[in-house]
Structures are given as structure tokens and as C-alpha cells.
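Read the structure below first, then the notes.
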Amino acid sequence: MNRFILNYLGIFFILLSILSFFNIIYSYYFNLYLNIDTYFYTLLISLIIGIISFIKSKIEIKVTIYTKIFTIIIGYFSLPLIISIPFYFSIYNISFLNCYFEAISGFTSTGFTIFDNIKHLDESLILWRSTSQWIGGLYFLFSILLLIDIFDDSLKKSLTNFISFNYSETFKQFFKIFILYSILTIFLFVSFKLINLRTFDSFNIAMTIISSGGFLPVNDINNIVNSNFKEIVFSFLMLFSFFSLFLIYNIFFLKEKSLNFFAEDIYLFIYFSFLIIIFFVFFNSNYNFSLILFSLTSSMSNIGISLDSTGSNLWFLFLLIVIIGGSFFSTSSGIRFLKIYFLFKYSFNEILSYSKPKNVFTNKFHLIDSNVLQKDINKYFLSVLIFVISFLVISSLLSIFNVSFEDAFKLGILTLMNTVNSSMYNLGNFNFSELNSYAKVILMLFMIIGRVELLTILIIVKKFLFKS
């Protein structure tokens with residue numbers, strides 16, 4: 082294993098050991114001794130692996146795109162093994178498969194859980210669940226940076242003033258993302274405190290929101306979001322995982338400001354405003370717009386949590402919004418709004434070019450200085466095609482393993498989009514602990530596929546099938 086893989090994963094193993102240490106301090110401070118030994122195990126194992134990964138590094142070699150893909154995929158399987166340790170050695174007698182399921186669900190920021198009653202859990206374990214989401218969101222952002230050459234050359238060009246993609250600079254850029262991600266988490270924590278959420282809930286929810294996760298520190302979000310004002314504030318705070326992570330940085334710290342650096346976020350703001358108007362005009366008959374706004378922003382950011390009083394008759398619309406997703410450089414999943422918009426406009430231009438052959442239609446889009454490249458359009462189309470294929474596969478497999486067709490349909494979308502099941506999708510009472518082992522393994526695999534995208538796996542397959 083080369084130096085890059087070991088160093089990259091070693092950073093996260095060491096980070097896990099630091100987070101384990103914080104959990105130990107928290108447990109001692111609040112006299113929560115029931116599961117404290119499990120965090121010592123996690124601390125020692127992750128620290129040892131992290132140190133070895135740096136000491137045993139081989140001589141640096143050129144990092145290929147295949148190495149980067151392998152690195153990301155290995156991390157999505159290996160890091161949840163460490164995260165699952167506190168679940169497995171806790172007093173709750175949980176099987177290894179359920180522990181690994183919970184860990185992968187947290188690390189991929191999906192939010193499916195095998196726990197029926199969060200009130201019965203030790204507070205330190207609730208904190209650990211939120212921690213797994215937080216580090217998973219950070220890992221996802223690092224992965225986007227690492228694999229941006231695959232996904233979007235046009236976006237890469239628009240960010241070169243902030244991000245360098247040279248190997249020597251990679252870890253420096255990772256550090257910048259870590260600082261920004263941490264600052265935004267603290268901001269969310271303070272914001273939740275200002276609307277009178279208790280400290281423990283505020284901290285856990287801040288880690289959930291910034292990572293676009295679905296784990297909550299309570300059974301019912303209605304117990305803490307219990308006023309229209311809190312619903313509205315909470316709704317807008319969820320947009321932090323919808324817009325680009327670099328939006329605030331670019332606004333305040335970018336020296337040479339250009340609309341090109343804000344193009345995606347401007348498009349997303351127009352999209353968000355359009356949905357607000359549509360839902361306010363057509364779906365506000367009961368004057369419960371704050372509830373609909375909550376579900377709308379939760380779906381747009383791929384978080385998925387909802388208030389029980391939200392009308393479940395809109396579940397199909399919310400699922401469509403989940404599929405679209407948010408910013409490319411955010412912790413949200415989805416196909417991404419800009420990809421769909423570019424595909425639509427490109428297709429429209431192609432139709433016009435045939436109907437009006439004397440006219441010339443370019444692929445230059447508003448707010449973006451250069452044309453979107455043809456190869457990027459091809460990637461966007463492939464992303465949509467891969468999603469359709471993946472969705473058909475996971476839905477079919479879940480149906481085979483005794484999940485009803487409707488639930489399999491909804492779970493297929495939510496799994497691929499890493500969005501938690503909730504009442505607004507008519508899945509609030511779905512019990513993952515009762516699923517058979519095969520269904521759980523399928524969900525775990527597709528939760529990871531939802532994060533790495535099947536496109537990266539196809540590239541690996543191509544390497545072995547067409548190698549000379």
C-alpha cells in the first residue's frame with residue numbers, strides 16, 4: 082500500500098482517536114461510566130492504526146486516479162469498523178452487523194438507525210452517533226476534493242483561485258476545509274443555543290446539520306422544535322449543507338470577487354426561491370407554511386428529518402427534491418441541481434439547433450465565464466443514467482428480501498441520496514432492526530455507493546476489463 086493511501090486514511094484514524102478522547106472526557110465529566118471503556122478501545126485502536134499508517138509509509142509515488150478511488154472506497158469500509166466499536170462493546174448487546182450498519186449509516190450521513198428508542202441510550206453513545214456523522218461529512222468533502230477531476234472539470238477551473246490540486250498542496254487544502262467545516266459547526270451550535278435548545282441537543286444537531294446527516298439526539302424532533310419561530314430558524318440553518326461550503330469564505334475572504342465563483346450558489350438560490358413560491362402558493366392551504374418550509378429545506382439539503390405534523394401527501398414531491406440535491410461542494414447528496422440544469426439547457430439547445438439550423442446555439446451559461454465542456458455534459462448524463470440503474474437494482478433487491486414495493490421504492494431513493502427516512506416520506510416508523518441480514522448488507526453497500534457514486538466504481542471496473 083503506497084504512502085498516499087496510508088497517510089490519507091491515517092489522518093482520519095487519528096481524528097477518530099481525538100474524537101474518542103473527547104467522548105471519554107465528556108463521560109468522566111458527567112459521570113457516564115456505563116460505556117466509557119468502549120471509547121478507550123476506540124482511542125487505542127484508531128491511534129495505533131493512525132500512527133502505523135504514517136510510520137510504515139512507503140516511498141512516495143505518483144498518485145493515479147485509481148489510487149484515489151481505491152483510497153476513498155477503502156475508507157468507507159474501514160473507518161466504520163472503528164466507529165462501530167462503541168456500539169458493539171456497549172451494554173446494549175447489539176450484534177456486529179447492526180453495529181456496522183449503524184456506523185456506516187452515520188459515516189455516510191444517511192441516518193438509518195437500528196435503535197427504536199433514543200431515550201434508552203447513554204448520552205455519550207448519542208454523542209458518538211453524531212460524531213460519526215460529523216467525521217463522515219468531513220471525509221466526504223475531502224473525497225470531493227480528491228476526485229474532482231472525475232466529476233467536473235468546469236467546476237475545477239472556477240475554483241482554482243482557492244483550491245490547488247497539486248499533490249504537494251493537497252493536505253494543506255484539506256486543513257483549510259477542516260477549519261471552515263469546524264467554524265460552521267460552531268456557528269450552527271451557537272445558533273441553536275440562541276433559539277433555546279439545550280446545550281446537548283444543540284451540539285448534536287449542529288453536527289447532524291453540517292454533515293447533512295439524519296441522526297437526532299431525541300426520538301421526536303417536535304419536542305425541541307416546538308414553535309413557528311424555531312421551525313423557521315431551523316429550516317434556514319439546514320441550508321448550510323445545501324449551499325457550497327466555500328460560499329461564506331468566498332464572500333468574506335476572496336480578494337478578487339467574480340460572479341463566476343458564486344454562480345452555482347446563485348443558481349441554487351433561484352431554485353430555492355422558486356420552490357418557496359410554488360409551495361407557498363399551492364400547498365399552504367392549512368396555513369402551515371413553516372412546517373412545509375422545514376420539510377422543504379430538509380429534503381433539499383438531503384437531511385431528511387421532518388416534523389410529525391408535516392403532511393405526508395407530498396412525499397413524492399419531496400423525494401424528487403431529494404434526488405436533485407444541492408451544491409457540488411456541500412455535504413448534501415443528490416444528482417446536483419447544476420448538473421440537471423446544464424443537461425436540460427444543453428438538450429434544449431440541441432433541439433433548437435435542429436429546428437432552427439441557421440441559428441447558432443452555444444453551451445455558454447449565465448454567470449459562468451466559459452462554456453460547459455462536452456465531456457462534462459457526458460458525465461452529467463452518465464450520472465443520471467447510473468442513478469436510474471442503481472435505483473432499479475437496489476429497489477429490486479430489497480423487494481426480493483421481503484421489503485414491500487412501496488417501501489423499497491422510497492428506501493432505494495433515500496439510500497442512494499443518503500437521506501434519512503422520516504414521516505414526510507411515509508417511512509417514519511420503518512424498523513431497520515427487523516430487516517434480514519441480506520437487506521442490511523444491500524443498504525450498507527448502496528449507502529457507500531451513494532457517497533462515492535457508481536461512476537468511480539465503473540472507472541475501476543474499466544481499468545481491469547480493458548487493461549493492456
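Numbering (the numbering used here), first residue to last: 82 to 549. Each residue gets a CB set at the ideal place from its N, CA and C atoms; glycine is no exception. In this text the structure is predicted, and so the values were computed from the model without any measurement.
Does DSSP put residue i in a helix, in a strand, or in coil?
i	result
leucine 454	coil
arginine 417	coil
asparagine 304	helix
methionine 288	helix
asparagine 88	helix
arginine 532	helix
valine 516	For the sequence presented, residue 516 should be read as leucine rather than valine. Leucine 516 falls in the coil class under three-state DSSP.
threonine 537	helix
isoleucine 126	helix
tyrosine 114	coil
leucine 479	helix
glycine 406	coil
aspartate 282	helix
isoleucine 357	helix
valine 522	helix
valine 271	helix
aspartate 488	helix
asparagine 27	As displayed, the chain neither begins before 82 nor continues past 549, which places residue 27 out of reach and without an answer.
phenylalanine 317	helix
aspartate 346	helix
isoleucine 276	coil
methionine 498	coil
asparagine 309	helix
glycine 131	helix
leucine 297	coil
phenylalanine 364	coil
phenylalanine 511	coil
serine 382	coil
phenylalanine 527	helix
Taking 8 angstroms as the cut-off, is the beta-carbon of residue i closer than that to any non-hydrogen atom of the ligand MN?
i	result
leucine 90	As for the ligand MN, it is missing from this structure, which has no ligand bound.
When burial is assigned at 16 or more other CB atoms within 10 Å of the CB, is residue i buried or exposed?
i	result
glutamate 431	exposed
serine 551	Residue numbering for the chain in the displayed model covers 82 to 549; residue 551 lies beyond these limits and cannot be assessed.
threonine 123	buried
asparagine 383	buried
isoleucine 136	exposed
serine 577	Given that the chain is displayed from residue 82 to residue 549, the structure contains no residue 577 and the question cannot be resolved.
threonine 280	exposed
valine 403	buried
lysine 521	buried
isoleucine 373	buried
arginine 532	buried
proline 125	Just to set this straight, residue 125 is leucine in the shown sequence, not proline. By the 10 Å Cβ count, leucine 125 comes out exposed.
glutamate 534	buried
serine 127	buried
tyrosine 114	exposed
phenylalanine 256	exposed
valine 469	exposed
isoleucine 481	exposed
isoleucine 530	buried
tyrosine 89	buried
threonine 537	buried
threonine 145	exposed
leucine 508	buried
lysine 149	buried
leucine 473	exposed
asparagine 307	exposed
tyrosine 348	buried
asparagine 512	exposed
Please report whether the beta-carbon of residue i lies at a distance below 9 angstroms from any beta-carbon of chain D.
i	result
threonine 189	Absent from the structure: chain D. Only one protein chain is present.
Stretch pair the region 396 to 413 + the region 323 to 331: three plus CB contacts closer than 8 angstroms: yes
Meets three-Cβ-pair contact criterion under 8 angstroms: the region 472 to 491 and the region 271 to 285: no
Stretch pair the region 251 to 265 + the region 163 to 175: three plus CB contacts closer than 8 angstroms: no
Segments of 4+ residues assigned as alpha helix (DSSP H) that fall wholly inside the region 155 to 218: 166 to 169 and 177 to 188
Three-pair Cβ contact test at 8 angstroms for the region 288 to 299 versus the region 209 to 224: yes
Sufficient close CB pairs (3 or more, under 8 angstroms) joining the region 461 to 475 to the region 414 to 427: yes
Touching by the beta-carbon criterion (3+ pairs, under 8 angstroms), the region 514 to 532 and the region 182 to 198: yes
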